[in-house]
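Each residue of the sequence shown is one higher than the last, beginning at 2 in my numbering. Here's the structure we're looking at; comments come further down.
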Amino acid sequence: MVPSLDRRQGAQGVEARANDTTKANAALASGASFVLTDFPAPHDETGEVVTIPEGGPSAGNPVHAQEGCHGAGLEDPALLRGRQ
């Protein structure tokens with residue numbers, strides 16, 4: 002099973018309020034199929050944001066992807082601009 006992470010579960014927002022991205026970073030490094038977040042763009046009050054390596058909303062899997070794989074062909078990063 003490939004791990005996944007939903008930032009909304011667990012500590013009931015404690016990590017988000019502290020801008021603690023430890024779990025999100027671990028999920029991304031693990032090769033999780035999905036990393037869900039309520040913070041794809043910086044939150045106005047806390048600054049909390051979960052970003053994908055390469056700067057877009059999707060990326061090649063760091064564990065299983067073939068060399069040269071990148072997320073730009075999967076989803077257009079412009080879709081997140083201005084989203085709050």
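Quick reminder that beta carbons are idealized off the backbone N, C-alpha and C, glycines included. All figures in this text were calculated on a predicted structure; none of them were measured in a lab.
Own chain residues within Cβ distance below 6 Å of residue i, not counting five before or after
i: F40; result: E49, V50, V51
DSSP three-state assignment for residue i, whether helix, strand or coil
i: V64; result: coil
i: V15; result: helix
i: V3; result: In this prediction, V3 scores a pLDDT of 49, lower than 50, which makes its location untrustworthy; no coordinate-derived value is stated.
Same chain, Cβ closer than 8 Å to residue i, neighbours up to 5 away in sequence not counted
i: T23; result: E16
i: P43; result: E49, V50
Residue i CB to nearest heavy atom of the ligand GDP below 7 Å
i: A27; result: Inclusion of the ligand GDP in the displayed structure is not the case, the ligand content being empty and no account of it being possible.
Presumed contact (8 Å Cβ cut-off) between residue i and residue j, rounded CB distance
i: S34; j: V64; result: In fact, because the Cβ distance is near 10 Å, the residues do not count as touching under 8 Å.
Close Cβ partners of residue i (< 7 Å) along its chain, the five nearest in sequence each way excluded
i: N20; result: T47, G48, E49
Start and end residues, alpha helix (DSSP H) containing residue i
i: A27; result: 23–31
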